[in-house]
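Q: Quick one: structure below, then a few questions.
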Amino acid sequence: GAGVSQTPSNKVTEKGKYVELRCDPISGHTALYWYRQSLGQGPEFLIYFQGTGAADDSGLPNDRFFAVRPEGSVSTLKIQRTERGDSAVYLCASSHEAADTQYFGPGTRLTVL
Amino acid sequence: AQSVTQLGSHVSVSEGALVLLRCNYSSSVPPYLFWYVQYPNQGLQLLLKYTTGATLVKGINGFEAEFKKSETSFHLTKPSAHMSDAAEYFCAVSLQGGSEKLVFGKGTKLTVNP
């Protein structure tokens, strides 16, 4: 079956612009996670959704970052007033239920010029 | 708070040699432990995980790991390396019955020489 998909695969933007990154989880998975992977580092947790609600957003670095999952399926990570330090690969994962194995998408590589 | 330390950002082995990738964790409560592999330009793929029960865990592609509570370790091994094992490997921890988020180490890049 289809895995987790993320679009776009690459996004180049200018400092100060707004970007949206999309994640399509595996069908039927109720839990969805966003991570950020900077160069040479392991993935760092950003936010976790159980259904439509954000159950844990403790990893969001500041209020420029926001994520939604309005229908409990697709999720969008939104970054306002992008900064060069936001450049990273943004990973999405989903699991059947919370605490089950997380399946990762290929990521979106964001470059802020 | 949990943390993960992977000793050695780069490991190089010869084809057919033993692979040993080290992972130590810090957790105030019993952890769940994971190893993920990342091939170039691909997403993370689960190799194996420890939750409860048997401390020696077998995963895909001939890899295994042993949970040693006394050493707070979860090292990954494979008896004989194959060229296709070249990739980056990440150890991760989460809390049993607690937060579902994964805390990752910085990763170890494995090179397999012919």
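Quick mapping for you: the protein sequence lines, in order, are chains A and B.
When you line the first sequence up against the numbering used here, it's residues 1 to 113, in that order.
When you line the second sequence up against the numbering used here, it's residues 1001 to 1114, in that order.
Each residue gets a CB set at the ideal place from its N, CA and C atoms; glycine is no exception.
Bear in mind the structure is a predicted one, so any value in this text is a computation, not a measurement.
Taking only the alpha-carbon atoms, compute the straight-line gap between ARG947(B) and LEU1046(B) and give it to the nearest angstrom.
A: It is not possible to answer for residue 947(B), since the shown part of chain B is limited to 1001 through 1114.
Q: Quick one: list the residues of chain A neighbouring LEU1047(B), beta-carbon separation under 7 angstroms, in chain order.
A: Near LEU1047(B) there are no residues of chain A at all, since even the closest Cβ is about 11 angstroms away, more than 7 angstroms.
Q: According to DSSP, which residues form a beta bridge with GLN37(A)?
A: VAL89(A)
Q: How would you list, in chain order, the residues of chain A whose beta-carbon sits under 9 angstroms from the beta-carbon of GLY1105(B)?
A: GLY42
Q: Just to confirm the assignment: which complete beta strand (DSSP E) runs, minimum length 3, are found wholly within the region 19-79 of chain A?
A: 19-24, 31-37, 44-50, 53-56, 65-68 and 75-79
Q: Is PHE1090(B) close to chain A, meaning its C-beta is less than 8 angstroms from at least one C-beta of that chain?
A: yes
Q: CA-CA distance, VAL1019(B) and TYR1036(B)?
A: 15 angstroms
Q: Is there at least one Cβ from chain B nearer than 8 angstroms to ALA88(A)'s Cβ?
A: No, its Cβ sits nowhere closer than 8 angstroms to a Cβ of chain B.
Q: In chain B, which residues lie less than 9 angstroms from GLY53(A) when you measure between Cβ atoms?
A: Neighbours of GLY53(A) on chain B: none; closest Cβ ~13 angstroms, over 9 angstroms.
Q: Would LEU60(A) and ASP86(A) qualify as a contact pair, given that the criterion is a beta-carbon distance under 8 angstroms?
A: no
Q: Which residues, taken in chain order from the region 1014-1046 of chain B, show a beta carbon closer than 9 angstroms to some beta carbon of chain C?
A: As a matter of chain content, chain C is missing from the structure shown, whose protein chains are A and B.
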